[in-house]
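Q:
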Amino acid sequence: MAKIGIVEDDPLLREALVIGLEQVGYQTVSGSTVKEGLAMMTEKLDLCILDINLPDGLGYEIGKKMLMPVIFLTARDEESDILHGYDLGAEDYIVKPFSLEVLKRRIKVILSRNQLAESYHYGELSLNFSEKQVYFQNELLKLTAKEYQLLLFLTSHEGQVLSKETLLRHIWDVNGDFVGDNTVSVTINRLKKKIELKAEGPDFIRNIFGMGYVFGSNQ
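Under my numbering, the letters of the sequence shown match residues 23 to 241, in that order.
Right, dumping it as structure tokens:
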């Protein structure tokens, strides 16, 4: 059964979520702070439920770093908050108060949708999600962790132009505090050399001047 992370600082609600999800067979791991949520990234989670207002920061800080599906579960109901949650890649955004049964149904739908996709193929390039490996013409490519995360994010938004700021926010620090200005372009260029070296035809990753980067040839 799937393993679900829960980050919620209200102890009663956190316990209710744990009990409710475990009653239907899910495994859970829980915490109440941004620090504890970030520590969950070492767990093999299938989905994470995040509150936004936490004692040591905002749940957005966790969501932007998670590679697994995320549901924001929060009292923040402003349109700007909801849109920001989806901009960070959230699968769903649920405003409190909420129905536990509806939450369970949404979790089931998200897990079913994501479990169907065990791999991604684009031309002769393929990603194996469970093994976190990338192949070109059936040959295993040696990518760094950041290169893999970058490719995973780009392919999950195939055909969409992603700005440098968006890539920094999702793959590195939200403000780029710990990376140089050219980090994205340098990593993109390294990645392109590895996945496009033997490719024929259009590049997999292209720079759209003044806008950002796009994976796929339909732009």
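The beta carbon of each residue, even a glycine, is placed where N, CA and C say it ideally should be.
With E65 and V56 assumed to form a contact (beta carbons below 8 Å), what rounded beta-carbon distance in angstroms separates them?
A: Between V56 and E65 the Cβ distance is about 16 Å, and since that is not below 8 Å, they are no contact.
Q: Run the CB neighbour count on R127, radius 10 Å, all protein chains shown included, and call it buried at 16 or more, exposed below.
A: So R127 ends up on the exposed side.
Q: Can the beta-carbon of L174 be found closer than 7 Å to that of F158?
A: Result no, Cβ atoms of L174 and F158 do not sit closer than 7 Å.
Q: Measure the alpha-carbon distance for M90 versus I26 and round it to whole angstroms.
A: Between M90 and I26, the C-alpha separation is close to 10 Å.
Q: Is G238 near G181, with beta carbons less than 7 Å apart?
A: Yes, they are a contact pair.
Q: When DSSP builds the beta bridges, which residues end up paired with S148?
A: Paired residues: H143 and Y157.
Q: Measure the Cβ-Cβ separation of I84 and D114 and say whether it is below 7 Å.
A: Cβ distance not < 7 Å, so I84 and D114 don't count as in contact.
Q: Could you spell out the range, first to last residue, of the beta strand (DSSP E) harbouring D114?
A: Start and end: D114 to V117.
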